[in-house]
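**Q** The structure follows.
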Amino acid sequence: MDFFLFMTVLLPFCVYVLQSEKDLLLYHGFTTNIERRLKEHNQGNTISTSKRRPMRLVYCEFFISKEDALRRESYFKTTTGKRMLKLILRDTLKTINYPNI
Numbered sequence: 001m002d003f004f005l006f007m008t009v010l011l012p013f014c015v016y017v018l019q020s021e022k023d024l025l026l027y028h029g030f031t032t033n034i035e036r037r038l039k040e041h042n043q044g045n046t047i048s049t050s051k052r053r054p055m056r057l058v059y060c061e062f063f064i065s066k067e068d069a070l071r072r073e074s075y076f077k078t079t080t081g082k083r084m085l086k087l088i089l090r091d092t093l094k095t096i097n098y099p100n101i
């Protein structure tokens, strides 16, 4: 069983962070199927990222509760949440050449 399938069986709700390989900026989202959602982003089926393709997954968290996952996604979109995410991912962001660290 692949990792994402295993995780979605145990913890069905996922909050994820993608990086655009075009402009190097980050995008935050929520899904119940991270593999499908990443394909949708990279096929241009998501308006907010269609012009920023290709996208790559740089971070995800899985949750049992949909409400917890949505709360976490909302938090990542706040100034404090973005700051915290940059602290957690500081080495990753350096590795992927994120411009705003």
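Counted from 1, the sequence shown has number 47 at position 47 by this note's numbering; the numbering is strictly sequential. A virtual CB, placed ideally from N, CA and C, is assigned to each residue, including glycine.
#1: Per DSSP, H41 forms a beta bridge with which residues?
#2: Alpha carbon to alpha carbon, how far is N45 from T94? Give it in angstroms, no decimals.
#3: Please state if the CB of T49 and the CB of L70 are separated by a distance shorter than 9 Å.
#4: Give the straight-line distance between the Cα atoms of D91 and M55, rounded to the nearest whole angstrom.
#5: Using 8 Å for Cβ pairs, my map puts L38 next to L26. What's the rounded Cβ distance?
**A** With the given structure in hand:
#1: Answer is none; H41 lacks a bridge partner.
#2: The amino acid at residue 94 is misidentified as Thr; the sequence shows Lys. K94 and N45: Cα-Cα distance of roughly 29 Å.
#3: no
#4: 19 Å
#5: So it is not a contact: roughly 14 Å between Cβ atoms.
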